[in-house]
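Here the structure is laid out as structure tokens; the discussion comes afterwards.
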Amino acid sequence: MRRMVQAMLLTPAPKAKILAIFGIDMRTCHLITGGAGFIGSCHVLRTRAAGVPVVTVDKLTYAGNLDNLCSLANDTKHCFVQGDIGNDELMAHLMRTHQPTAVINFAAESHVDRSILDPDAFVRTNVLGTCALLRVTLDYWYNLPQDHREAFRFLHVSTDEVYGSLCLGDAPFTENTPYAPNSPYSASKAASDHLVRAFHETHGLPVLITNCSNNYGPRQFPEKLIPLIICHALERQTLPIYGKGDYIRDWLHVKDHCEAIDMVLRRGTVGRTYNVGGRAERTNLDVVHSICAALDRLRPHSDGPYAKLMAFVADRPGHDFRYAIDCTRIERELEWKPRHTFDQGIEDTVSWYLDNQAWAERARGGQYRDWIARQYAGYERVGE
Ligand code: NAD
Ligand code: TYD
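So the sequence shown is numbered by our numbering: it starts at 44 and just counts up by one.
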């Protein structure tokens with residue numbers, strides 16, 4: 044309890060708001076972890092728009108950003124708590140207090156390049172943190188009345204990277220593709236998926252897992268390819284492309300991902316995994332060219348096309364060549380399909396970053412600049 048109070052006091056949200064939460068009926072609330080990050084915040088906003096009360100728990104690592112939730116500042120059915128999913132006491136207290144009907148776990152260390160330099164942080168949050176959250180959730184779930192126990196769900200948000208890498212011409216990943224993670228990030232996510240599955244098999248905890256392809260959209264921390272390229276382009280900096288830029292990812296707009304999560308939560312079969320993807324495979328070169336073309340249309344520069352800033356830099360070690368998702372299961376069972384085309388989604392995303400340069404500026408505070416200096420200094424430029 045003392046740690047919990049400390050966590051509450053640490054929260055930058057106004058005290059009155061935290062107190063208000065105890066005065067309202069949160070019995071149908073969702074507990075969303077990692078909700079100040081890119082995808083988590085999109086999901087928190089979507090869940091509140093649907094009228095469901097939300098308790099957001101986020102450690103506010105370098106990637107967590109309360110600006111992402113600023114539109115909820117006066118929302119009495121949203122409560123933000125700064126805390127770690129690995130803090131049993133805090134998480135148990137929040138579950139007892141708010142009685143969530145669902146826990147949705149977005150909290151993670153999420154950047155492959157960082158996992159190469161500091162794998163321990165990924166094991167701590169993605170593996171040990173998820174395990175602690177599962178233990179606490181299990182205890183909470185066991186003690187629920189029968190009908191609440193049946194309705195309860197634990198949804199774990201994961202990635203297609205757990206399946207490893209594909210060659211050109213290989214069939215896309217299905218839910219039955221064996222796990223073969225190659226980076227410390229994907230290995231830690233794979234371990235967390237196995238733990239989630241194990242809690243279902245061993246204890247009957249009603250879990251669901253989603254494995255999604257690369258997301259893009261508003262509020263993505265500018266260390267990932269798409270926002271990094273937009274921010275660098277606007278500052279007339281080099282646009283760093285690893286290797287030859289021929290790596291392939293399947294891209295999905297973050298709002299489509301969150302809609303999929305919602306559908307899986309409401310109608311997915313307990314114990315099941317659902318692959319989520321955009322059926323939008325692009326090489327990194329294609330992606331960067333699309334961003335540059337959108338910038339040329341929306342913010343033309345007197346020095347000429349943005350693509351002039353592209354530069355090939357030394358490659359990421361162990362770089363997965365291709366990810367591709369077969370999302371037939373979610374399409375057939377839940378009738379989900381993406382609403383955004385890649386071209387429109389990129390145009391909208393570039394527009395968002397143009398309209399929200401103050402957000403990007405704040406997100407790229409001191410620590411971010413240190414990261415970029417450390418990450419890209421050693422990456423020699425190997426031609427344009
Ligand atoms: P993100 O890095 O933007 O956000 C992660 C959030 O988790 C941050 O707000 C961070 O502060 C918080 N967090 C980190 N450690 C924590 C801890 N110990 N306790 C509580 N909070 C903690 O990541 P994202 O891109 O929004 O990804 C969210 C989830 O979706 C992750 O699990 C990721 O593996 C998964 N995913 C991401 C993508 C993608 O393309 N971004 C694709 C598929 C799946
Ligand atoms: P990223 O956004 O880091 O996602 P992931 O590695 O999880 O797929 O990277 C997407 C692709 O873009 C990946 O192939 C690595 C490449 N990339 C670059 O070429 N340059 C960069 O500066 C970054 C961050 C990524």
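Note that CB positions come from ideal geometry on N, CA and C, so glycine has one too. In this text, all values refer to a predicted model and were calculated from it rather than measured experimentally.
Taking the alpha-carbon positions, what's the TYR419 to HIS136 distance?
In the sequence shown, residue 419 corresponds to position 376, counting from 1. In the sequence shown, residue 136 corresponds to position 93, counting from 1. One C-alpha to the other measures close to 42 Å.
List the whole-angstrom C-beta distance separating ILE304 from ILE147, where the pair is believed to meet the contact cut-off of C-beta under 8 Å.
As a first step, residue 304 must be located in the sequence shown, where it is residue number 261. As a first step, residue 147 must be located in the sequence shown, where it is residue number 104. That pair is a contact at about 7 Å.
Which same chain residues, not among the five before or five after TRP431, have their C-beta less than 6 Å away from its C-beta?
Past the boundaries of the shown model lies residue 431; the chain is included only from 44 to 427, so the question cannot be answered.
Under the criterion of a Cβ to heavy atom distance below 7 Å, does GLU204 qualify as lining the ligand TYD?
Sequence index remark: in the sequence shown, residue 204 carries index 161 (1-based). Flag set: Cβ of GLU204 near the ligand TYD.
Assuming ALA194 and THR168 form a contact by the criterion Cβ under 8 Å, report the distance between their Cβ atoms to the nearest whole angstrom.
One-based indexing of the sequence shown puts residue 194 at position 151. One-based indexing of the sequence shown puts residue 168 at position 125. Not confirmed; about 28 Å, so no contact.
Assigned secondary structure, THR326 (DSSP; H/G/I helix, E/B strand, else coil)
Here residue 326 refers to the residue found at position 283 when the sequence shown is read from its first residue. If DSSP states are grouped into helix, strand and coil, THR326 belongs with the strands.
Which of helix, strand or coil does DSSP assign to LEU282?
Residue numbering aside, residue 282 sits at position 239 when the sequence shown is read from its first letter. The answer is strand: DSSP assigns LEU282 an E or B state.
Beta-carbon contacts of LEU397 that lie in its chain and below 7 Å, excluding the five residues immediately before and after:
As a position in the sequence shown, residue 397 is number 354, starting the count at 1. Here the set comprises LEU341, ARG342.
As a quick exercise: from ALA401, TRP414, PHE364, pick the residue whose alpha carbon is nearest that of CYS430.
For residue 430 there is no data in the structure shown, the boundaries of the chain being 44 and 427.
Specify the secondary structure class of VAL95 as computed by DSSP and reduced to three states.
Counting from 1 along the sequence shown, the entry for residue 95 is found at position 52. DSSP places VAL95 in coil when its eight states are reduced to three.
Where does the unbroken beta strand (DSSP E) through GLN125 begin, and where does it stop?
Numbered from 1 along the sequence shown, position 82 holds the residue referred to as residue 125. First-last of the beta strand (DSSP E) with GLN125: 121 to 125.
Beta-carbon proximity check, PHE123 vs LEU112, cutoff 8 Å:
Here residue 123 is taken as the residue at index 80 of the sequence shown, counted from 1. Here residue 112 is taken as the residue at index 69 of the sequence shown, counted from 1. Yes, they are a contact pair.
Is the beta carbon of HIS300 less than 8 Å from the beta carbon of ASN327?
Taking the sequence shown and counting its residues from 1, one reaches residue 300 at position 257. Taking the sequence shown and counting its residues from 1, one reaches residue 327 at position 284. Going by C-beta atoms, HIS300 is not nearer than 8 Å to ASN327.
Compute the Euclidean distance between the alpha carbons of PRO265 and LEU271, then round it to the nearest angstrom.
What you label residue 265 is simply residue 222 of the sequence shown in a count that begins at 1. What you label residue 271 is simply residue 228 of the sequence shown in a count that begins at 1. Rounded to the nearest angstrom, the two C-alpha atoms are 4 Å apart.
Whose C-beta lies closer than 6 Å to the C-beta of ILE368 among residues of the same chain, with five residues either side of it excluded?
Reading the sequence shown from its first residue, position 325 is the one you call residue 368. Closer than 6 Å at the Cβ level, and outside the excluded window around ILE368, lie ASP203, PRO215, PHE216, SER256, ASP293, ASN318, GLY320.
Candidates SER345, ALA323, THR312, ALA276: closest to GLN400 by CA position:
Here the question's residue 400 lines up with position 357 in the sequence shown. Selected option, being the one with the closest Cα: ALA276.
Endpoints, the alpha helix (DSSP H) within which LEU308 is located:
Translated into positions along the sequence shown, residue 308 becomes position 265. Residues 297 to 310.
Tell me whether ASP190 is buried or exposed, calling it buried when 16 or more other Cβ atoms sit within 10 Å of its Cβ.
The residue you call residue 190 lines up with position 147 of the sequence shown. Exposed: under 16 other Cβ atoms inside 10 Å.
For THR76 and ARG178, I'd like the C-alpha separation in whole angstroms.
The residue given as residue 76 occupies position 33 in the sequence shown. The residue given as residue 178 occupies position 135 in the sequence shown. Going from the Cα of THR76 to the Cα of ARG178 covers about 15 Å.
Going along the chain, which unbroken runs of the alpha helix (DSSP H) with 4 or more residues stay wholly within the region 363 to 391?
371 to 377
Whole-number beta carbon distance between GLY80 and ASP110, since they are thought to touch under 8 Å
Here residue 110 is taken as the residue at index 67 of the sequence shown, counted from 1. Here residue 80 is taken as the residue at index 37 of the sequence shown, counted from 1. Actually they do not touch by this definition, with Cβ atoms about 12 Å apart.
Host alpha helix (DSSP H) of CYS174 (start-end):
Residue numbering aside, residue 174 sits at position 131 when the sequence shown is read from its first letter. Element bounds for CYS174: 173 to 185.
Nearest to THR197 by CA position, among HIS73, ARG139, ASP339, is which residue?
Within the sequence shown, residue 197 is the residue found at index 154, counting from 1. The question names Thr, yet the displayed sequence has Phe at residue 197. Of the candidates HIS73, ARG139, ASP339, the one whose C-alpha sits nearest the C-alpha of PHE197 is HIS73.
Should GLY77 be counted as a contact of the ligand NAD given a C-beta to heavy atom distance under 7 Å?
Against the sequence shown, residue 77 aligns to sequence position 34. Indeed, a heavy atom of the ligand NAD lies less than 7 Å from the Cβ.
What does DSSP give as the partner residues of ALA354 in its beta bridges?
Numbered from its first residue, the sequence shown carries residue 354 at position 311. Its beta-bridge partners are PRO283.
Quick check: GLY311 and LEU248, are their CB atoms within less than 8 Å of each other?
Position 268 of the sequence shown holds residue 311. Position 205 of the sequence shown holds residue 248. No, the Cβ-Cβ distance between GLY311 and LEU248 is not below 8 Å.
Quick check on this structure: which residue in THR173, CYS335, ILE252 has the alpha carbon closest to the alpha carbon of ASP131?
Your numbering for residue 131 matches position 88 in the sequence shown. Nearest C-alpha to ASP131: THR173.
Quickly, what does DSSP pair ASP190 with across the bridge? List them, please.
The residue you call residue 190 lines up with position 147 of the sequence shown. Per DSSP, none; premise fails for ASP190.
Whole-angstrom Cβ separation of GLY286 and GLY388, contact assumed at under 8 Å?
Taking the first residue of the sequence shown as 1, we reach residue 286 at position 243. Taking the first residue of the sequence shown as 1, we reach residue 388 at position 345. Actually they are not in contact, since the Cβ atoms of GLY286 and GLY388 sit about 25 Å apart, beyond 8 Å.
Ends of the alpha helix (DSSP H) at TYR419?
Sequence index remark: in the sequence shown, residue 419 carries index 376 (1-based). Its alpha helix (DSSP H) spans residues 409 to 420.
Under the three-state reduction of DSSP, which class applies to ILE334: helix, strand or coil?
What you label residue 334 is simply residue 291 of the sequence shown in a count that begins at 1. Helix.
My output table needs one value for ILE159: the three-state DSSP class, helix, strand or coil.
Numbered from its first residue, the sequence shown carries residue 159 at position 116. Helix, per DSSP.
Nearest-angstrom Cα separation, counted from GLY207 out to ASN20
It is not possible to answer for residue 20, since the shown part of the chain is limited to 44 through 427.
Count the other C-beta atoms from every protein chain shown that fall within 10 angstroms of the C-beta of SER114, then say buried if there are 16 or more, exposed otherwise.
In the sequence shown, residue 114 corresponds to position 71, counting from 1. Exposed, since its Cβ has fewer than 16 Cβ neighbours within 10 Å.
Should ALA406 go down as buried or exposed, given a rule of 16 or more other Cβ atoms within 10 Å for buried?
Position 363 of the sequence shown, counting from 1, holds the residue named residue 406. ALA406 is buried by the Cβ-count criterion.
Under a Cβ-count criterion, where at least 16 other Cβ atoms within 10 Å of its own Cβ denotes burial, should LYS17 be classed as buried or exposed?
Only positions 44 to 427 of the chain appear in this structure, which leaves residue 17 out of reach.
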